[in-house]
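Participant:
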Amino acid sequence: MDPASVSDQPLPADLRDDKPPLHNNFAFTPTQLHTLVAFRNLGTLDDFGGLPGLAVGLRTDAFAGLHADEAYLDGTLTFDEAVAAGRHGRAPTLAALESPPPSHRCPTSSDSDVDNSRFIDRKRIFGTNQLPRRRHKSFLKLLWVAFNDKLLILLTITASISVAIGIYRSLSAEVGNSSIEWVDGTTVVVAIIVIILASAFNDWQQNQKFEKLNERKNQRQVTVVRSAKPQRIWIHELLVGDVLHIEAGDILAVDGILIQAAGLHIDESPVSGESAPVRKTTPSDHNASHAGLADPFILSGTTVTCGVGRYLVTSVGASSTHGRTLMSLREDVQETPLQAKLGRLGKQLIIFGAVVGGFFFVILFIRYLANLKQLAGYSPSRKAERFFQIVTISITLVIIAVPEGLALNVTIALAFAAKRMLKDNNLVRLIRSCEIMGNVTSVCSDKTGTLTQNKMKVVAGRIGTEGTFDDREVPGRRGTQGVHSSRLVTSLAGEVKDLVKDSMALNSTAFESDDPIAAASGYLGSSTETALLVFSRDRLGMGPLREERANSSIVTMLPFESTRKWMAVLVRLSHGRYRLLVKGAAEVVFEFCAYVLCDVHDELAAERLSEDERTSFRLTIQGYAENTLRPVATAYRDFDASEVFESDDDDPADVNLEWLASGLVLTGVFGIRDPLREEVTESVRKCQAAGVFVRMVTGDNFLTARAIAAQSGIYTPGGVAMDGATFRRLSPTQLDAVIPRLQVLARSSPEDKLLLVSHLRAMNETVAVTGDGTNDALALKAADVGLAMGIQGTEVAKEAASIILLDDNFSSIVKALSWGRTVNDSVKKFCQFQFTINITASILTVSVLVGLPIFTVVQLLWINLIMDIFASLGLATDLPSSECLHRRPEPRNAPIISVTMWKMILGQSIYQLIVVFTVHFAGWDIFNPDTEFEIEKLQTLVFNIYVWMQFFNQHNCRRVDNKLDIWYNVLRNPWFIGVQCITLVGQFVIVFQGGEAFDTVPLTGAQWGWSLLFGLLTLPLGALLRQVPDRYVSKLFHLLYRIFLAVGRFLRPISACLSRCWRPRRRQRRKESPDNTGTGQQAENVEETAPSSAQTVEGPSMLDSARPSVGNHNLDDCSGGWTRPETSSSLDEADEKIDLQALLDAARVGRTVGRHWLEIHPGTLKDDPIVGRRSDVNLPPSQDLALRMPQLGDEADERRLRRRGEQPTWAGPRCPPPTQHSRWLSLEGFLRSKRR
């Protein structure tokens, strides 16, 4: 050991805890254990008695783990006794506690109490692996947040002053004063309180939902050893003293000391800042001279990059390294892009509303001053009341004009969707992914477990040159296609059988478990390894896995990596030699083999592989792959000790197994079947009908991937299949050409997946990608939406993902797509409804300038309550419908308010304004009101008509397209029905019982009939507006825009003249200061050239437009600045230039070029160019009609549709034709919201 490290180690006295917990049954305290891991020093570990001393002091077993039935512990241990017992390998001597813990005095008997009392003493001393619950804002705090709005505060102050004046005038002795003049102000205050309570309750409810979602998000299962049996438990059930199993991709949640490991490397950059992974070993992994190089300290918050291992847990929860950090860094829920966009939109509208409200107040105030002579006979309090009425109505105008409910609507929609998505096996980690998922244009899906059932079974194989079996059933009759595996195994020689068994049992990271997840196979691990273990157990007579491994001397292991495609283990044989066992992808392992088992029925013998035998095995591998089987090969090689170690002093932990993997003996090739999920084909079809391009990106064999993709409907005529080795060596221009048709990417590495995702996003695609491995984290982060596998996925992949598929099923992606579109539709529905009220209510409020006010302040606040709170609940809680998957995705820069919505908003607004103004102003001639009561009845009628128009328009706004079915799924939305009932009852109560508070009087039956009639007319009006073609509306808007530009050009000289008149002093200063003049001219030049500069650096779209158009003449051109990504390929392969046109020409006739795999679907039309020119570089290729896949019958269908006056639709995997989005409409530009 390094003397410096020894001198820095703390003295044993420094490990004492001055404040130990009371009634401690253990030798160590949480503080001492944290000190051990914090120092990360072998000398400190030795002070604890090493690993044996730790296990003794924590009253556990380093290999069997905790006893599953542990409840209460008797006696205690001293620090010194635990250290001594660990060093001498003896049982510890327990000492009696001075007094028993309080929990020991209350024994329990019921089953539930017994479950709660498990590990009670261990939990009492060391705690559980849970952080204390974070304190959320109380309801009172939420009330203050809801009230802390400048407009509401100003309105409250004004209403309070109005109440005070009203009370003063009611109590004054003036003749003619009403005794209830304070009611108006009081009602405003009550209405404000109702709005604040409703907003605070909504915030509180959303906080509760998000908290439950976060708790569910942090739940995951880990594997521990208890009572010598591996079992899966929830992470919050981890305890100090547990033996925790870890493997590549795990994010470590607790601190501990390593017990055993194989090729274990951990990324400690979150703790230490060092980017290079740290190799973790125990002193027993090294010989005596290298024991000081061991690093067995495991820190929480770090990530396992490769390898497997087990370690003893020493700190959990807030006592662990990561827990201490999290306690000081607790993040709040971040707002989503749509929330941010709507928040900025709301601020802009607030400024706009404030300007309008201020202008409105100035006009009213001027009129008030002009009429002061007429108010000469009024008392001062009466004059003050009139003034505050002006202030109140101005503030109310701003409240009505500003759609402050937008953010609330998005929050409710996202929370509702996230909760329901959890029931559909989609665990949302980043709430923003809900809305982004709705506009995904491309899905890159994994194969194993996502498209297939992940129920693997060995159904075919070839052992040596002679032993062949095939357990697949022949369709239509009983029996198998070849010799059954049980018959072949019985004829194998004993040594051959043991070799095959060891290749599967020893060269594996899976293990036995009684967990329900492993109930089918009895093993926990990767699906490929468990399938081989089941075959070895059922056919080769393999005993318990623990015994098989305990009876062998394993020197070191090289775990499986997706980039390498194989794994290996080095075993010490009984006669002093060493055997290397290799297992992995058949086409990769086979290339390492120079020999093959020749006579498997008599003895273990090998012969050199001939060319005929190589061809035969390649055809076997190809046959398995073409029949959707995963080909896996096993091989071995024996070594002398001198071939493995250069000297006797070499460290066994430093043996490089990759160097030894050459000249191997091929043991056998096995075909593993993984059936396709039944619902996958239909789910893929739904995605394609929704305009989403589905790709398979898998590390599996090319032929297997192609067969599965064709079976699931992903690989279709016109599509291209390619392997990763070819894909990664294409230039950017070649990628632009081939990616729009790429449907299958096989034998891909995580780097290939990252390259594909990055390039798709550069082509303006909105990408969702699935991943399960540690190395998939970069691709999951790079995608717009990362989808991690909940069952097979590693913790690193889950942390990098936006959504976790709890069932690893592709159909869950379709459900997430539906929910994403539903969230976006909910926002649009609310905007369509609210903007209609904003326009009409604002105009009606401003109409006070030309006459009596149409609505009072309290009535406007009731309308605002309907508009914000009720509409948010009713329109944000719709369930997905099948129709949402029958339209194409929206572009990233699509406006929130479409032309269809503007048509409905303006049409309904005009109708409502005509009705209200007609009834209000013409009502004096029609009804001829003479008394104050009749005047109030007329105003109540107008108010009632307006509210009922909003009531039925809310039904009308349940659709934002041109379809007529506005009541789809309405009975499945209790929130919408409840909101309608509340609005209905509230309006009846206000009209009949509102009285002085709402300035209403009861209406007659005929007036109620007219109110309902005008309200119901909004429904046929909406149906009529939906029949108006959008193109006519667009032409009308375009005409109005051109008129606006013409007027602007006409007024430009006048504006310039006024500008020069208004800024003489500034111009004079520029004349007096030449330097400033130059600077100003430079600034103006910069402003003038800003648009072109922005276009120059705008991004990939402009770069794409600058490239040569993609065609057959430039497929092999490479950009000068292109740098090929580093891969594991040889230098010759890396330097090889890909001739894409040659690959395509060869693929058309069913040939390959060299070792490059590129195939065009056999059903592709002969005249299909495969690669084409993009019609618009700003349009994603998956939505570009110029890149569509032509199919048989397309021309005839298009001619038939043209004769009928219809637009051609896409068939199969093609997207529906894109609709043209207006880019010139100023209002749309103002409301434009880029998706991300």
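Read in order, the letters of the sequence shown are residues 6 to 1241 in our numbering. Here a beta-carbon is modelled for each residue, glycine too, at the ideal position from N, C-alpha and C.
Check whether the Cβ atoms of Ile808 and Ser450 sit closer than 8 angstroms, and answer yes or no.
Facilitator: Cβ atoms of Ile808 and Ser450: not closer than 8 angstroms.
Participant: From the DSSP secondary-structure annotation, give me the bridge partner or partners of His250.
Facilitator: Bridge partners of His250: Thr228 and Arg315.
Participant: Could you compute how far the alpha carbon of Gln265 sits from the alpha carbon of Lys462?
Facilitator: So the alpha carbons of these two residues sit roughly 30 angstroms apart.
Participant: Anyone know if the C-beta pair for Ser325 and Ser305 falls short of 8 angstroms?
Facilitator: Going by C-beta atoms, Ser325 is nearer than 8 angstroms to Ser305.
Participant: Of all the options Thr319, Gly91 and Ala100, which has the alpha carbon lying nearest to the alpha carbon of Arg127?
Facilitator: Answer by Cα proximity: Thr319.
Participant: Mind listing, in chain order, the continuous beta strand (DSSP E) runs of no fewer than 3 residues lying wholly within the segment 568-621?
Facilitator: Whole beta strand (DSSP E) segments, 3+ residues: 571-577, 583-590, 598-602 and 611-613.
Participant: Do Asn444 and Thr453 have their C-beta atoms closer together than 8 angstroms?
Facilitator: No, the pair does not count as a contact, with Cβ atoms beyond the cut-off.
Participant: Confirm, please, whether the CB-CB distance from Ala742 to Leu1145 is below 8 angstroms.
Facilitator: Yes, these two residues count as a Cβ contact at 8 angstroms.
Participant: Taking all protein chains shown into account, do 16 or more other C-beta atoms lie within 10 angstroms of the C-beta of Asn769, making it buried, or fewer, making it exposed?
Facilitator: Buried, by the Cβ-count rule.
Participant: Using a 10 Å radius around the Cβ and a threshold of 16 neighbouring Cβ atoms, would you call Lys378 buried or exposed?
Facilitator: Flag for Lys378 reads exposed.
Participant: Please classify Ser447 as buried or exposed, where buried requires at least 16 neighbouring CB atoms within 10 angstroms.
Facilitator: Classification for Ser447: buried.
Participant: Measuring CA to CA, which of Ala422, Val539, Thr98 and Glu75 is closest to Thr83?
Facilitator: For the residues Ala422, Val539, Thr98 and Glu75, the minimum Cα distance to Thr83 belongs to Thr98.
Participant: If the criterion is Cβ atoms closer than 8 angstroms, does the pair Gly718 and Thr686 meet it?
Facilitator: Their beta carbons are under 8 angstroms apart, which means Gly718 touches Thr686 by this criterion.
Participant: Between the alpha carbons of Arg544 and Thr535, how many angstroms are there, rounded?
Facilitator: Cα to Cα, Arg544 sits roughly 14 angstroms from Thr535.
Participant: Consult DSSP for Cys692 and reduce its assignment to one of helix, strand or coil.
Facilitator: In the structure shown, Cys692 sits in a helix (DSSP, three-state: H, G or I).
Participant: Using the three-state DSSP reduction, which class does Thr625 fall into: helix, strand or coil?
Facilitator: Reduced to three states, the DSSP call for Thr625 is helix.
Participant: Quick one: what's got a C-beta closer than 7 angstroms to Ala1111's C-beta in the same chain, skipping five residues either side?
Facilitator: Here Ala1111 scores only 34 on pLDDT, less than 50, and its place in the model should not be relied on; the value that follows carries that caveat. Once the five neighbours on either side are set aside, Ala1111 has no close Cβ partner at all.
Participant: Would you call the segment 585-601 and the segment 613-632 in contact, with 3 or more CB pairs under 8 angstroms?
Facilitator: Cβ pair count under 8 angstroms is three or more, so yes.
Participant: Taking DSSP's pairing of strands, which residues face Asn431 in a bridge?
Facilitator: Note: Asn431 sits in a beta bridge opposite Leu810.
Participant: Are Gly676 and Gly466 touching if we call contact CB-CB under 8 angstroms?
Facilitator: Taking 8 angstroms as the Cβ cut-off, Gly676 and Gly466 qualify as a contacting pair.
Participant: Run through DSSP, which three-state label would Pro755 get?
Facilitator: In this structure, Pro755 counts as helix in the three-state DSSP scheme.
Participant: Please report the residue range of the beta strand (DSSP E) in which Pro235 lies.
Facilitator: Its beta strand (DSSP E) spans residues Lys234 to Trp239.
Participant: Within its chain, find whatever has a CB closer than 6 angstroms to the CB of Pro1185; leave out the 5 residues flanking it on each side and keep chain order.
Facilitator: Cβ within range, chain order: Thr446, Asn769 and Glu770.
Participant: Are Leu50 and Leu317 touching if we call contact CB-CB under 8 angstroms?
Facilitator: No.
Participant: Considering just the uninterrupted stretch of the alpha helix (DSSP H) at Cys836, what are its terminal residues?
Facilitator: Per DSSP, Cys836 belongs to the alpha helix (DSSP H) from Phe815 to Val851.
Participant: Report back the beta-carbon spacing between Ala666 and Ala573 to the nearest angstrom; my notes put them in contact at under 8 angstroms.
Facilitator: About 6 angstroms; that satisfies the 8 angstroms criterion.
Participant: Using C-beta distances below 6 angstroms, list every residue in its chain close to Met906, excluding the 5 sequence neighbours before and after it, in chain order.
Facilitator: Excluding sequence neighbours, Met906 sits near Gln837 and Val965.
Participant: Given a cut-off of 8 angstroms, decide if Asp260 and Val594 are closer than it, judged by their beta-carbon atoms.
Facilitator: Taking 8 angstroms as the Cβ cut-off, Val594 and Asp260 do not qualify as a contacting pair.
Participant: Taking DSSP's pairing of strands, which residues face Thr561 in a bridge?
Facilitator: For Thr561, which the question treats as bridged, DSSP gives the partners Leu575.
Participant: Ends of the alpha helix (DSSP H) at Ser647?
Facilitator: Looking at the DSSP string, the run of the alpha helix (DSSP H) that includes Ser647 is Ala646 to Val649.
Participant: If you compare alpha carbons, which of Leu136, Ile910, Thr775 and Arg733 is closest to Lys833?
Facilitator: The residue with the shortest Cα to Cα distance from Lys833 is Ile910.
Participant: What's the call for Thr330, buried or exposed, on a 16-neighbour Cβ count within 10 Å?
Facilitator: Under this definition Thr330 is an exposed residue.
Participant: Taking 8 angstroms as the threshold (C-beta atoms), are Leu1008 and Asn949 in contact?
Facilitator: Yes. Within cutoff.
Participant: Hey, would you say Thr561 sits closer than 8 angstroms to Val660, going by beta carbons?
Facilitator: Yes; because the gap between Cβ atoms is below 8 angstroms, this pair is in contact.
Participant: Rounded to the nearest angstrom, what separates Ser753 and Arg584 at their Cα positions?
Facilitator: When rounded, the distance between both Cα atoms is 30 angstroms.
Participant: Under the DSSP definition of a beta bridge, which residues are partnered with Met794?
Facilitator: Beta-bridge pairing links Met794 to Leu810.
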